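Asker: In the working numbering, the protein residues as written are 6 to 502. Ideal Cβ placement from N, Cα and C applies to all residues, glycine included. The model shown is predicted, which means the values in this text are computed figures rather than measured ones. Before we start, here is the structure in question, set down as C-alpha cells.
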C-alpha cells in the first residue's frame with residue numbers, strides 16, 4: 006500500500022508540469038479571479054477592468070508550473086555539481102560541498118542567462134528588447150503599480166511559454182497535447198455561449214467566472230433584432246469579442262486537423278504514427294465540435310473576427326485552389342467562406358451594421374485621446390498600462406463606462422510605449438512571421454501553417470480591438486499560436502512539407 010502511494014506520488018511529481026499545462030489550456034478561459042481594487046477601480050461609480058489588478062485561476066496555474074520547474078531545475082543542478090568544479094576553486098584549492106553547490110549553481114544560471122541574451126534568434130532578441138522597454142517605461146508611468154502589474158502578466162506568460170518550449174524539446178509535450186486541452190476548453194465555452202444566446206441570460210455559472218448577463222443589464226453587449234434586445238454569446242469570457250477570438254483559434258486548428266487527416270487517408274500514408282492522442286478521436290467527433298464552435302462563433306456577432314476568418318479563408322482558397330484536389334474539401338471551404346460573407350451582409354439588416362453610429366462615435370473619442378497622447382509623447386509614450394489614466398486626466402467629465410482603451414492595439418502600444426515600443430513590437434512580429442512562416446513556405450495549405458494563419462487573423466483583429474493587449478484572457482489567447490509555432494518549428498529546423 007505504501008509502495009503504491011509512493012509510486013503514484015512520484016508519477017505525479019514527474020508529470021506535474023505536463024498535467025498543469027494541460028489543465029491550463031483546458032480551463033484558462035474560466036474567468037475565476039480575486040480582484041484588488043485601486044483608487045481608480047470605481048472611477049465615477051463604474052468598475053474599471055483596466056485599473057484593477059487581479060489574481061486569476063490562470064495565474065495560479067502558470068505560477069505553479071514555473072515554481073515546480075524551478076525546483077526541479079535546482080535539484081537537477083545540485084545532483085551533479087562535479088561537472089563544473091574546475092570553475093570554483095579557492096586560494097587553497099578546497100571548498101566546502103555547500104559552497105561548491107551554490108557557486109556551481111550560480112555559475113550555471115549566469116551562463117544560461119548569457120546564452121539566453123546573446124545567442125537568441127532574431128525574433129527572440131526583439132521580444133527581449135520589447136520587454137526591456139516595457140520595464141523601463143515603468144519609471145515614467147504615473148501609476149507605477151498598474152504598469153508593474155501589466156509587466157508581471159507578460160513576464161509570466163513569456164516564462165510559461167519558454168517552459169512549454171523546453172518541455173517540447175525534451176519530448177515531454179507535443180502540439181497535439183495542447184490541441185486536446187484547447188478543444189476541451191473550446192467545446193465548453195461554445196456550449197455555454199449557445200445556451201446564453203438561446204436563454205437570453207447568463208446560466209448562473211459564477212463558479213466558472215461567468216458574468217451576470219441579461220438584455221436589460223447596463224454594459225452587457227447586445228444586438229437589436231426587430232426592436233428586441235438580445236445578448237451576444239459570452240461564454241465565461243469578459244466580452245463576446247474575446248470568445249470570438251478564442252473560437253478563431255479553435256476553428257482554424259480543427260479545420261487543419263480535418264484537412265491533414267483527409268490528405269493522409271487519401272495518400273494511404275502508413276508512416277504517420279497512429280498512436281497519437283488526436284488519432285484516436287473519430288473524424289465525426291471533430292466535425293461535430295467544429296459545427297458547435299462555428300455556431301457559437303456566429304452568435305458572438307464579432308465583426309472583426311468574422312472579417313478575419315473570411316479574409317483568411319478567401320486567401321487560402323485563392324492560393325491553394327490548384328493544390329486542393331479533393332472536391333469535398335473544396336466545397337466545404339467554399340461553403341464556409343460564402344456562409345461568412347452572407348452572415349456579414351445579413352447583419353447589415355439587423356440594426357447591427359459593421360459599426361453602429363454609437364460605436365463609431367465612442368471609437369472616435371478614444372482615437373482622439375490616442376492621437377493627443379502620441380503627439381505629446383511620441384517616442385516614450387505615457388507608460389505601460391497608462392492609457393486609461395491618460396483618458397481620466399484629459400477627459401475627467403466622461404461617464405465611468407466610457408474609460409476604455411482605443412480599439413486599435415497598434416495605436417494603444419504607441420500611446421503607452423511610444424514609437425520606440427511599437428517598433429520593437431513590429432520587428433518581433435515581422436521576424437517571427439518570416440522565420441516561422443514565410444521563409445519555410447513551399448505550400449501554404451492549412452494543414453502545414455495553421456499557426457501563421459491564426460497570427461495573421463489576430464493581427465487583423467488588432468486593428469479593431471484591444472483585448473489582446475490589456476485583458477488577461479485576451480493576452481493568453483494572443484500568445485497561444487506563438488507558443489504552438491515555436492513548438493512546431495524548433496531552432497534550426499527546416500520544414501520539408
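1) At what residues does the beta strand (DSSP E) containing residue 228 begin and finish?
2) Would you kindly report the start and end of the unbroken beta strand (DSSP E) that includes residue 434?
3) Would you check if the region 414–429 and the region 453–473 touch, i.e. whether three or more CB-CB distances between them fall below 8 angstroms?
4) Rounded to the nearest angstrom, how far is the Cβ of residue 297 from that of residue 195, given a contact under 8 angstroms?
5) Starting from residue 510 and walking both ways along the alpha helix (DSSP H), at which residues does that stretch end?
6) Which one or two residues does DSSP pair with residue 38 in a beta bridge?
7) Check each candidate in 410, 419 and 461 and name the one with the smallest Cα separation from residue 56.
8) Looking only at C-alpha atoms, which of 478, 58 and 29 sits nearest to residue 242?
9) Mapping the DSSP letters down to three states, classify residue 286 as helix, strand or coil.
10) So who's on the other strand from residue 234, going by DSSP bridges?
11) Among residues of its own chain, excluding the 5 on either side of residue 18, which ones have a beta-carbon nearer than 6 angstroms to its beta-carbon?
12) With C-beta atoms as the reference, is residue 429 less than 7 angstroms away from residue 134?
13) Hey, how far is the Cα of residue 282 from the Cα of residue 179?
14) Over the uninterrupted alpha helix (DSSP H) stretch that includes residue 133, give me the two end residues.
15) Around the Cβ of residue 20, are there at least 16 other Cβ atoms within 10 angstroms (buried) or fewer (exposed)?
16) For residue 295, which of helix, strand or coil comes out of DSSP?
17) Going by DSSP in three states, residue 18 sits in which element: helix, strand or coil?
18) Leaving out five residues on either side along the sequence, give the residues of the same chain with a beta carbon under 7 angstroms from the beta carbon of residue 304.
19) Just to confirm the assignment, what range does the alpha helix (DSSP H) spanning residue 54 have?
20) If you follow the alpha helix (DSSP H) that residue 248 is in, where does it begin and where does it stop?
21) Need the endpoints of the alpha helix (DSSP H) that residue 487 sits in, please.
22) May I have the straight-line CA-CA distance separating residue 177 from residue 24, to the nearest angstrom?
23) Any idea what DSSP makes of residue 180, helix, strand or coil?
24) In the DSSP assignment, find the alpha helix (DSSP H) that holds residue 465 and state where it starts and stops.
25) With the cut-off set at 7 angstroms, would you say residue 41 and residue 405 are in Cβ contact?
26) Should residue 227 go down as buried or exposed, given a rule of 16 or more other Cβ atoms within 10 Å for buried?
27) Tell me whether the beta-carbon of residue 369 lies closer than 7 angstroms to the beta-carbon of residue 396.
Answerer: This is what the structure gives:
1) 227–230 is the span of the beta strand (DSSP E), which, as asked, contains residue 228.
2) Looking at the DSSP string, residue 434 is not in any beta strand (DSSP E); the run it does join, the alpha helix (DSSP H), is 414–441.
3) Yes, the region 453–473 is in contact with the region 414–429.
4) Indeed they touch by this definition, with Cβ atoms about 5 angstroms apart.
5) The structure shown does not extend to residue 510, since the chain spans only 6 to 502, so no value can be given for it.
6) Under DSSP, the beta-bridge partners assigned to residue 38 are 61.
7) That would be 410, whose Cα lies nearest to the Cα of residue 56.
8) The option with the nearest alpha carbon to residue 242 is 478.
9) The three-state reading of DSSP puts residue 286 in coil, since its state is none of H, G, I, E or B.
10) Answer is 229.
11) Spatial neighbours of residue 18 in its own chain (CB-CB distance under 6 angstroms, excluding positions within 5 residues in sequence) are not present.
12) Cβ atoms of residue 429 and residue 134: closer than 7 angstroms.
13) Distance between the alpha carbons of residue 282 and residue 179 is about 10 angstroms.
14) Residues 127–142.
15) Label assigned to residue 20: exposed.
16) Residue state for residue 295 is assigned as helix, using DSSP reduced to three classes.
17) It is helical.
18) Spatial neighbours of residue 304 in its own chain (CB-CB distance under 7 angstroms, excluding positions within 5 residues in sequence) are listed in chain order as 198, 199, 202, 237 and 238.
19) Taken as a continuous stretch (DSSP letters only), residue 54 belongs to no alpha helix (DSSP H), as it is neither H nor E.
20) Residue 248 -> alpha helix (DSSP H) spans 245–272.
21) If you look at residue 487, you'll find it in the alpha helix (DSSP H) that goes 477–493.
22) Computed Cα separation, rounded: 11 angstroms.
23) Helix.
24) Bounds of the alpha helix (DSSP H) holding residue 465 are 455–466.
25) No. Outside cutoff.
26) Label assigned to residue 227: buried.
27) Not in contact: residue 369 and residue 396 (Cβ atoms no closer than 7 angstroms).
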